[in-house]
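The structure appears right after this line, and notes come after that.
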Amino acid sequence: MVAERLGLENEVIQILKLLEDNTDFLLSGGAGSGKTYSLIKLIGQLLLENPSSVYAVITYTNSAVDEIEKRYNSDRLDVSTIHDFLWNNISHFQKEIKQILIDLVKDPEMRLFTVNDDSFSDEYFDNMKISYKDYKSLKNGVVSHDEIIVIANKIFEHHEMIRRIISDKYAAIFVDEYQDTSKEIIEIFLNYFRKESRGIRFGFFGDSMQAIYEDGVGDLNEYLLGDKSIVQVIKNQNRRNPKSVMDLANKIRTDNVIQKPSIDLDAPNMKDGMLKKGNCIFIYSDASNLEEIKSKIESKFDIDFSNSQETKELNLTHSLIAKKAGYAGLMEIYDKDKILDYVKRIRNFIRDYSIQNDFSESSLSDVVEALRMQTDTTLHSKLNPTRTQKYFIEENNTLYLDALSMNYNELSSIYIEKEQLIDDNKKNSQQDNLIKHLYKIEKNISLYNEGNYNEFLRKTDYLSFIKNTRDLVSLKKNIDSLVNIKNKTIEDIINEADKYKICIIDDNLKDFCLRTVSYTH
């Protein structure tokens with residue numbers, strides 16, 4: 008096989024040797040280094056060298072799944088997103104899933120798992136088949152993305168037999184863009200599966216410096232040392248950018264990845280053996296002179312900001328994003344409620360002064376009174392609203408009185424801030440479930456209008472609701488009705504989307520409404 012590896016890049020050859028030695032690995036490389044290219048080459052070589060082995064590749068998006076599957080149409084290659092991978096491998100173990108669901112629903116700390124049904128018991132799911140869809144309805148045995156992660160983690164932690172089945176099924180599992188994979192997934196692979204020692208190997212591809220999400224693992228530093236060790240392979244080459252961009256990136260990076268120009272003459276940054284030319288410049292400005300700065304840049308560098316093919320504009324602040332997207336007013340509303348700011352002030356007081364009281368049955372008014380009773384008078388000013396909060400309370404006194412009578416735990420769990428409006432197309436722990444639901448409606452409509460019918464049917468589970476051909480024929484009319492907003496309220500849109508089965512009102516939205524409606528009204 009050595010001769011057949013002659014055309015492979017050095018990093019792939021290193022990884023193949025690690026796998027032969029039953030060693031897990033991490034391929035680290037900056038943007039433009041060709042990590043996915045290495046993954047694809049590795050897969051091809053493994054399928055060639057090991058004709059009886061099965062491999063799994065976990066990617067972040069369905070488009071990445073399609074790209075890899077187009078290159079390798081093999082029944083020995085399982086390519087999927089992380090949620091599909093987990094569900095495909097645990098869905099047959101219904102008995103175990105149901106028991107874990109029961110335990111999670113009964114655990115008061117697990118807010119994801121709430122069944123609003125007075126008849127709930129240990130036998131609640133016995134006559135159901137637990138299914139995984141794009142929406143959550145625990146009452147009907149339907150789990151969604153977030154629940155899958157928790158359930159799978161529990162199953163692989165406690166069920167040795169299921170771990171062994173997966174270990175026997177795959178020779179190796181590779182995770183692309185590992186840095187944004189949840190900590191629970193890394194725990195499954197590098198903690199639970201390693202208990203079996205049955206030959207399954209794990210490989211991770213990504214860049215810790217490109218981690219985006221707070222609930223992602225970020226890096227694998229704790230696994231690079233000691234008994235948990237995996238071996239890091241560094242890919243220093245850059246196949247995309249001018250040298251000036253690489254030099255800037257190398258100054259910013261805080262790890263051991265130092266990017267160098269690719270020596271591949273076929274790479275995008277090479278032309279006739281010469282590096283692509285380019286410059287990096289930093290210009291300081293503020294919102295008041297932004298357009299003036301743009302005009303100067305256009306003039307000096309012959310750049311047209313109106314041409315999206317030539318230029319890309321990244322807005323980092325929430326206020327700029329809101330203004331560009333046309334919802335600056337909505338942003339202000341989300342950040343305006345100073346009563347909830349006051350509740351947060353009380354919550355911080357309890358944390359800062361290590362108050363151990365059980366306030367689960369107390370109102371906000373009871374909590375404030377109890378804190379005054381058991382703390383020194385010199386601290387009482389910190390229990391009062393700030394000047395801004397006091398002004399808002401005076402203007403909204405009825406709402407404040409309602410808040411004082413509400414259960415403190417329920418009130419303090421309500422979170423309404425500007426960050427909840429920002430969509431990241433994948434996940435955002437701060438984004439509230441109302442906004443997530445509206446984005447889902449928009450996404451599902453876009454899938455249909457763009458002709459991506461398979462993905463539309465998968466996302467909406469629309470086929471399971473069709474009773475006759477008329478239901479399918481009326482779909483286009485229903486989509487048009489949702490797009491033609493006219494004077495419809497947000498509530499109208501949500502209810503119509505649910506009625507037409509284009510976006511089901513699930514547990515997440517119901518829970519959000521239950522927690523907020525009592526406060527806002």
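Take any residue in the sequence shown, count from 1 to its spot, add 7: that is its number in my numbering.
We put the CB at the ideal spot given by N, CA and C, even for glycine.
In this text the structure is predicted, and so the values were computed from the model without any measurement.
Close beta carbons around residue i, own chain, < 7 Å, minus the five adjacent residues each side
i	result
LEU411	SER370, LEU371, SER372
ASN485	TYR507, ILE509
ASP262	SER215, MET216
GLY225	GLN186, SER215, ALA218
MET117	LEU111
GLN239	LEU33, SER35, LEU231
Residues sharing a beta bridge with residue i, DSSP
i	result
ASP499	Note: ASP499 sits in no beta bridge, so no partner.
THR66	THR88
ARG394	In DSSP, ARG394 forms no bridge with anything.
GLN239	LEU33
GLY223	SER189
ASN414	SER370
VAL150	TYR139
SER144	VAL149
As assigned by DSSP and simplified to three states, the class of residue i
i	result
ASP409	helix
LYS267	strand
ARG246	coil
ASP214	coil
GLN316	coil
THR382	coil
LEU482	helix
TYR469	helix
TYR79	coil
TYR131	coil
ALA179	strand
ARG208	strand
THR476	helix
ALA71	helix
GLN363	coil
TYR291	coil
ARG118	coil
VAL157	helix
ASN515	helix
HIS166	coil
GLY458	coil
ALA38	coil
GLY51	helix
TYR507	coil
ASN228	helix
Where residue i falls, given that 16 or more other Cβ within 10 Å makes a residue buried
i	result
ASN286	exposed
GLN540	Because the chain here runs from 8 to 528, residue 540 falls outside it and cannot be looked at.
ARG394	exposed
HIS387	exposed
TYR460	exposed
ASN440	buried
LEU55	exposed
PHE472	exposed
ASP513	buried
ARG477	exposed
ILE497	exposed
GLY458	exposed
GLN381	exposed
LEU231	exposed
THR7	In the structure as shown, the chain starts at 8 and stops at 528, and residue 7 therefore has no counterpart that could be examined.
ASP344	buried
Neighbourhood of residue i by C-beta, 8 Å cutoff - its chain only, sequence neighbours within 5 removed
i	result
SER295	none
LEU378	ILE353, PHE356, ILE357, ILE362, LEU390
Cβ-based neighbour list, residue i, same chain, cut-off 6 Å, excluding 5 preceding and 5 following
i	result
TYR349	PRO392, GLN396
LEU227	LEU33
SER419	VAL350, ARG354
HIS444	LEU516
LEU470	LEU464
LYS433	Reliability of the predicted coordinates at LYS433 is poor, the pLDDT of 47 falling under 50, and the value obtained from them is presented with this limitation in mind. Answer for LYS433: no residue qualifies.
Near the ligand FAD: residue i beta-carbon under 7 Å from a heavy atom
i	result
LEU489	Ligands in the displayed structure: none, and consequently the ligand FAD is not present.
*Inspect the CB distances between the region 246-256 and the region 200-214 and report whether three or more fall short of 8 Å.*
No contact exists between the region 246-256 and the region 200-214.
*Three or more C-beta pairs closer than 8 Å, one from the region 174-187 and one from the region 113-128: is that the case here?*
Fewer than three Cβ pairs drawn from the region 174-187 and the region 113-128 lie within less than 8 Å of each other, which leaves the two stretches out of contact.
_Taking contact to mean 3 or more Cβ pairs, one atom from each stretch, closer than 8 Å, check whether the region 64-84 and the region 158-165 are in contact._
Cβ pair count under 8 Å is below three, so no.
*Kindly confirm or deny that the region 26-37 and the region 134-149 touch, where touching means at least three C-beta pairs closer than 8 Å.*
Flag = no, the region 26-37 and the region 134-149 do not touch.
*asked:* Taking 8 Å as the cut-off, does the region 85-102 touch the region 132-140 (at least 3 CB pairs, one atom from each stretch)?
replied: Touching, yes.
*Counting pairs of beta carbons, one from the region 84-93 and one from the region 59-67, are three or more of them closer than 8 Å?*
The answer is yes - the region 59-67 touches the region 84-93, with three or more Cβ pairs under 8 Å.
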